[in-house]
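*Asks:* Supplied in structure tokens, the structure appears directly below.
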Amino acid sequence: MNGQPESQPGLHYLIAEDDPLDVQVISAMLKADRSRPIRVSVVERYAEVIDILAEEHVDALLLDLHLKDGDGAGFIPAIARNNPQLPIIVITVTEDEETAIQCLQHGVEDYVSKHSVNAELIKRSLRYSIERKRIEQELKQALDSQAAQNEKLNVLARTDHLTGLPNRVYFQEVTERAIANAARTGKSVGLLYFDLNGFKRINDTLGHACGDEVLVEVGRRLTALLRNSDTIARMGGDEFVVLTGLLDDPVQSYSIARKIHKAVTMPIQAGEHLVEISASIGIATYPEVASAEELVKCADIAMYDAKLNDQHFATFYTRNLAERLQNKKMIQSQLRQALIDDEIEMVFQPVYSLRTQDYSGYESLARWESGITGEIPTTRFIPVADTINAGTALTDLALRSLKEVYVANPATDRTMSINLFGNQLVTEACCDSFLKSISDAGLPAELIGIEISEEQLTPVTELCKPHLRCLASHGVAVAIDRFGVGGMTMSQILSLPIHTLKLHRALSHNVHENQTSQKLVRSIVSFAETNGLRVVACGVEHEAEFACLQNLGCQEFQGHLFSRPVSASEIPGLQARS
Numbered sequence: 001m002n003g004q005p006e007s008q009p010g011l012h013y014l015i016a017e018d019d020p021l022d023v024q025v026i027s028a029m030l031k032a033d034r035s036r037p038i039r040v041s042v043v044e045r046y047a048e049v050i051d052i053l054a055e056e057h058v059d060a061l062l063l064d065l066h067l068k069d070g071d072g073a074g075f076i077p078a079i080a081r082n083n084p085q086l087p088i089i090v091i092t093v094t095e096d097e098e099t100a101i102q103c104l105q106h107g108v109e110d111y112v113s114k115h116s117v118n119a120e121l122i123k124r125s126l127r128y129s130i131e132r133k134r135i136e137q138e139l140k141q142a143l144d145s146q147a148a149q150n151e152k153l154n155v156l157a158r159t160d161h162l163t164g165l166p167n168r169v170y171f172q173e174v175t176e177r178a179i180a181n182a183a184r185t186g187k188s189v190g191l192l193y194f195d196l197n198g199f200k201r202i203n204d205t206l207g208h209a210c211g212d213e214v215l216v217e218v219g220r221r222l223t224a225l226l227r228n229s230d231t232i233a234r235m236g237g238d239e240f241v242v243l244t245g246l247l248d249d250p251v252q253s254y255s256i257a258r259k260i261h262k263a264v265t266m267p268i269q270a271g272e273h274l275v276e277i278s279a280s281i282g283i284a285t286y287p288e289v290a291s292a293e294e295l296v297k298c299a300d301i302a303m304y305d306a307k308l309n310d311q312h313f314a315t316f317y318t319r320n321l322a323e324r325l326q327n328k329k330m331i332q333s334q335l336r337q338a339l340i341d342d343e344i345e346m347v348f349q350p351v352y353s354l355r356t357q358d359y360s361g362y363e364s365l366a367r368w369e370s371g372i373t374g375e376i377p378t379t380r381f382i383p384v385a386d387t388i389n390a391g392t393a394l395t396d397l398a399l400r401s402l403k404e405v406y407v408a409n410p411a412t413d414r415t416m417s418i419n420l421f422g423n424q425l426v427t428e429a430c431c432d433s434f435l436k437s438i439s440d441a442g443l444p445a446e447l448i449g450i451e452i453s454e455e456q457l458t459p460v461t462e463l464c465k466p467h468l469r470c471l472a473s474h475g476v477a478v479a480i481d482r483f484g485v486g487g488m489t490m491s492q493i494l495s496l497p498i499h500t501l502k503l504h505r506a507l508s509h510n511v512h513e514n515q516t517s518q519k520l521v522r523s524i525v526s527f528a529e530t531n532g533l534r535v536v537a538c539g540v541e542h543e544a545e546f547a548c549l550q551n552l553g554c555q556e557f558q559g560h561l562f563s564r565p566v567s568a569s570e571i572p573g574l575q576a577r578s
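Just so we're aligned, residue 1 is where the sequence shown starts under our numbering, counting upward by one.
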């Protein structure tokens, strides 16, 4: 520090004046301020003003309203618009109040009469004009910054942070606008609500990081396949919703649902894991449902129905669907209580072997005699049991019943099978837990078999693989039930320790009259023989079906033609007669 005051930066003033005497006077007034270096540029035309402003920095412009190339009133708006940071001071002989107001409205900071101008007035006018313009620009920048921040917050408030998709808030706004548009044009819109079947097990077994990757990939796939007129949003968790563009017919929503289902069911690479999920899709349409809130609610109801229906991946909302859903929820509640009250019992469906002319094993089946409504078919309560995670309770009940069979006939070598849900075979400890349950029941593992349906196994093949191998290594026989209609590949089957393929009963039904079923059964039997697998034809009810299945190569059968399901106490007598 040398003690000298810090010098201020110089200023560059531009004078637009075609009168030499006025130029001389104004220049002298400007240079009278000796507090800082002053540079003065002079032009005689407005066109020259524009050129200099385009090339140089100017701290203030002092101009006359009348120059050689025109009237300043026509140039000032353009100069102010193109140089918003530039203070403009008009110095003129024109003392018309209307002209002064017009100039100030067009961006001029001060309007000074040549008749009253002096050095002090010029100095004060420049100081105030430059300061006002600086404050004005800072305020504008602050407002612009605040507007940008508000816009950013607005976008964030309407965007899902993980997937980048619109969120529930934004989707509600879009849906309301779409309904108004559909009402105006007389068209329809569809709202498709779905979640990801199998997502919870991915989070539970592979971790939330893998789960997040799945959600991001689903969002990416759906964004790529949907039309610009469609809107996709993440509602939270693993729930997504799609609003279609305007439709001529509400049924067109189904083709979009099919595309969504196909995209979601393709394997997804999540970190080091290749995972498979599926989607259950509920569809509600306008004008059948009249408001945005009701569309979401009704599509959610339809989605729940789709989850309980293995045959369809998508369900349209109808007026009686809510009543059906209520009935299913009632069954859920009653089933929970039935498990507590011991209303569920196990019966056993024998498997007949043509080779030994004897029963080769038994499949445990749950039966429910409700104290409220009487007998409830398995087709009604087994899908519901899966939704309330009742699999473990049913498994324990089956093992207790199998123990009764084993105690009555400890020398038996027949396999006793238990049906498991897919979600029972994906948890980390499922193998140890199941083996412990077998041991606690006093049963040898080599006499126990497990059955899992093809439609439940397919999406969890990779997750189930180590646990199935663990069970098989301890002697537990693994069977794929309801096989032949679920689309499982040969490579998937061969990658698992499968012991038996149990044909879907639809393949046995009237097989003697169905060429397509015959071809499929023949190919399955051939595949099984080649790879050392057993095949059981299920649901055989008639002699004609039995004879046809024999000719197709089946050696084991299950169905009422051979035996109805029997209680544990009936099995010893059944074995004695066989």
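Where a beta carbon is used, it is the ideal one built from N, C-alpha and C, also for glycine.
Starting from the N-terminal side, write out each stretch of the alpha helix (DSSP H) that is 4 residues or longer and does not extend beyond the region 73 to 135.
*Replies:* If we require 4 residues or more, the alpha helix (DSSP H) runs fully inside the region 73 to 135 come out as 97 to 105.
*Asks:* In three-state terms, what does DSSP make of residue 527?
*Replies:* Here residue 527 corresponds to residue number 527 of the sequence shown, with the count starting at 1. DSSP places residue 527 in helix when its eight states are reduced to three.
*Asks:* From this set, 455, 475, 510, which residue's C-alpha is nearest residue 489's C-alpha?
*Replies:* Here residue 489 corresponds to residue number 489 of the sequence shown, with the count starting at 1. Comparing Cα positions, the closest option is 455.
*Asks:* Pop quiz: residue 473 and residue 449 are said to be a contact at Cβ under 8 Å. What is the actual Cβ separation, rounded to whole angstroms?
*Replies:* Counting from one through the sequence shown, the residue named residue 473 turns up at place 473. Counting from one through the sequence shown, the residue named residue 449 turns up at place 449. Contact doesn't hold; Cβ gap of about 15 Å is too wide.
*Asks:* Where DSSP assigns a beta bridge to residue 298, which residues make up the other side?
*Replies:* Stepping through the sequence shown from its first residue, residue 298 is reached at position 298. DSSP lists no partner for residue 298.
*Asks:* Can residue 212 and residue 274 be called in contact, C-beta distance under 8 Å?
*Replies:* Locating residue 212 in the sequence shown gives position 212, where the first residue counts as 1. Locating residue 274 in the sequence shown gives position 274, where the first residue counts as 1. Result no, Cβ atoms of residue 212 and residue 274 do not sit closer than 8 Å.
*Asks:* In angstroms with no decimal places, state the Cα-to-Cα distance between residue 558 and residue 545.
*Replies:* Position 558 of the sequence shown holds residue 558. Position 545 of the sequence shown holds residue 545. Going by the C-alpha atoms only, they are around 12 Å apart.
*Asks:* Can the beta-carbon of residue 277 be found less than 8 Å from the beta-carbon of residue 171?
*Replies:* In the sequence shown, residue 277 corresponds to position 277, counting from 1. In the sequence shown, residue 171 corresponds to position 171, counting from 1. It is not a contact, given that the beta carbons lie outside the stated cut-off.
*Asks:* Given a cut-off of 8 Å, decide if residue 38 and residue 14 are closer than it, judged by their beta-carbon atoms.
*Replies:* To locate residue 14, count along the sequence shown from 1; it is residue 14. To locate residue 38, count along the sequence shown from 1; it is residue 38. No, the Cβ-Cβ distance between residue 14 and residue 38 is not below 8 Å.
*Asks:* To the nearest angstrom, report how far apart residue 49 and residue 43 are at their CA atoms.
*Replies:* Here residue 49 corresponds to residue number 49 of the sequence shown, with the count starting at 1. Here residue 43 corresponds to residue number 43 of the sequence shown, with the count starting at 1. In a straight line, the C-alpha of residue 49 is about 7 Å away from that of residue 43.
*Asks:* Entirely within the region 206 to 271 and at least 3 residues each: give me those beta strand (DSSP E) ranges in chain order.
*Replies:* For the region 206 to 271, whole beta strand (DSSP E) runs of length 3 or above, ordered along the chain, are 231 to 236, 239 to 243, 268 to 270.
*Asks:* Which residues in the same chain have their Cβ closer than 6 Å to the Cβ of residue 501, if we skip the five residues on either side of it in sequence?
*Replies:* Within the sequence shown, residue 501 is the residue found at index 501, counting from 1. Here the set comprises 480, 483, 528, 533, 535.
*Asks:* Which residues does DSSP list as the beta-bridge partners of residue 350?
*Replies:* The residue labelled residue 350 in the question sits at position 350 within the sequence shown. Beta-bridge pairing links residue 350 to 362.
*Asks:* Exposed or buried, which one is residue 20 when buried takes at least 16 other CB atoms within 10 Å?
*Replies:* Here the question's residue 20 lines up with position 20 in the sequence shown. Label assigned to residue 20: exposed.
*Asks:* For residue 137, which three-state DSSP category applies?
*Replies:* For the purposes of this step, residue 137 is taken as residue 137 along the sequence shown, with counting starting at 1. Of the three classes helix, strand and coil, the one that applies to residue 137 here is helix, per DSSP.
*Asks:* Taking the beta strand (DSSP E) that residue 418 falls in, what are its first and last residues?
*Replies:* What you label residue 418 is simply residue 418 of the sequence shown in a count that begins at 1. 415 to 419 is the span of the beta strand (DSSP E), which, as asked, contains residue 418.
*Asks:* Do residue 543 and residue 561 have their C-beta atoms closer together than 8 Å?
*Replies:* Within the sequence shown, numbered from 1, the residue matching residue 543 stands at position 543. Within the sequence shown, numbered from 1, the residue matching residue 561 stands at position 561. Contact flag set, yes.
*Asks:* Just checking, does the region 501 to 515 make contact with the region 432 to 443 on the three C-beta pairs under 8 Å criterion?
*Replies:* Short answer: they don't touch.
*Asks:* Looking only at its own chain, which residues have a Cβ that is under 6 Å from the Cβ of residue 193, when we skip the five neighbours before and after it?
*Replies:* Position 193 of the sequence shown, counted from the start, is the residue given in the question as residue 193. Closer than 6 Å at the Cβ level, and outside the excluded window around residue 193, lie 241, 282, 299, 300, 303.
*Asks:* When you compare the CB positions of residue 522 and residue 552, do they come within less than 8 Å of one another, or not?
*Replies:* To locate residue 522, count along the sequence shown from 1; it is residue 522. To locate residue 552, count along the sequence shown from 1; it is residue 552. Contact flag set, yes.
*Asks:* Along the chain, where does the beta strand (DSSP E) that runs through residue 197 open and close?
*Replies:* Within the sequence shown, the letter at position 197 stands for residue 197. Here the beta strand (DSSP E) through residue 197 covers 189 to 197.
*Asks:* Can you tell me the Cα-Cα spacing of residue 1 and residue 98, whole angstroms?
*Replies:* Here residue 1 is taken as the residue at index 1 of the sequence shown, counted from 1. Here residue 98 is taken as the residue at index 98 of the sequence shown, counted from 1. Caution applies to residue 1, whose pLDDT of 42 falls short of 50 and renders its modelled position unreliable; the value that the coordinates give is listed next. Cα to Cα, residue 1 sits roughly 54 Å from residue 98.
*Asks:* List the endpoints of the continuous alpha helix (DSSP H) containing residue 554.
*Replies:* The residue you call residue 554 lines up with position 554 of the sequence shown. No alpha helix (DSSP H) holds residue 554; DSSP gives it neither H nor E.
*Asks:* Is the region 333 to 345 touching the region 213 to 220, taking contact as three or more C-beta pairs under 8 Å?
*Replies:* No contact exists between the region 333 to 345 and the region 213 to 220.
*Asks:* Which residues bound the alpha helix (DSSP H) around residue 318?
*Replies:* As a position in the sequence shown, residue 318 is number 318, starting the count at 1. Unbroken run through residue 318: none, as it is neither H nor E.
*Asks:* Evaluate contact between the region 388 to 405 and the region 353 to 370, counting only Cβ atoms and requiring at least three cross-stretch pairs below 8 Å.
*Replies:* Taking 8 Å as the limit for Cβ pairs, the verdict is that the region 353 to 370 does touch the region 388 to 405.
*Asks:* CA-CA distance, residue 439 and residue 175?
*Replies:* Looking up residue 439 in the sequence shown gives position 439. Looking up residue 175 in the sequence shown gives position 175. Distance between the alpha carbons of residue 439 and residue 175 is about 56 Å.
*Asks:* Under the DSSP definition of a beta bridge, which residues are partnered with residue 534?
*Replies:* Position 534 of the sequence shown, counted from the first residue, corresponds to residue 534. Per DSSP, 500.
*Asks:* Beta strand (DSSP E) containing residue 449: first to last residue?
*Replies:* Translated into positions along the sequence shown, residue 449 becomes position 449. Start and end: 448 to 453.
*Asks:* Going by DSSP in three states, residue 562 sits in which element: helix, strand or coil?
*Replies:* Locating residue 562 in the sequence shown gives position 562, where the first residue counts as 1. Looking at residue 562 - three-state DSSP - the assignment turns out to be coil, as it is neither helix nor strand.
*Asks:* By Cβ distance, which residues of its chain are closer than 7 Å to residue 517, with the 5 residues on each side in sequence left out?
*Replies:* Locating residue 517 in the sequence shown gives position 517, counting from the first residue. Excluding sequence neighbours, residue 517 sits near 507, 511.
*Asks:* Closer than 8 Å is the cut-off here; do at least three beta carbon pairs connect the region 122 to 135 with the region 178 to 187?
*Replies:* Because the criterion of three Cβ pairs below 8 Å is not met, the region 122 to 135 and the region 178 to 187 do not touch.
*Asks:* Do residue 56 and residue 88 have their C-beta atoms within less than 8 Å of each other?
*Replies:* Looking up residue 56 in the sequence shown gives position 56. Looking up residue 88 in the sequence shown gives position 88. No, the Cβ-Cβ distance between residue 56 and residue 88 is not below 8 Å.
*Asks:* Go through its chain and collect everything with a Cβ distance to residue 549's Cβ below 8 Å, but skip five positions before and after it.
*Replies:* Position 549 of the sequence shown holds residue 549. Excluding residues within five positions, the ones whose Cβ falls inside 8 Å are 508, 511, 521, 537, 540, 557.
*Asks:* Could you spell out where the alpha helix (DSSP H) holding residue 32 opens and where it closes?
*Replies:* For the purposes of this step, residue 32 is taken as the residue at position 32 of the sequence shown. First-last for residue 32: undefined, no H or E at that position.
*Asks:* Just to confirm the assignment, what range does the beta strand (DSSP E) spanning residue 580 have?
*Replies:* Outside the displayed range of the chain (1 to 578) lies residue 580, so it cannot be described from this structure.
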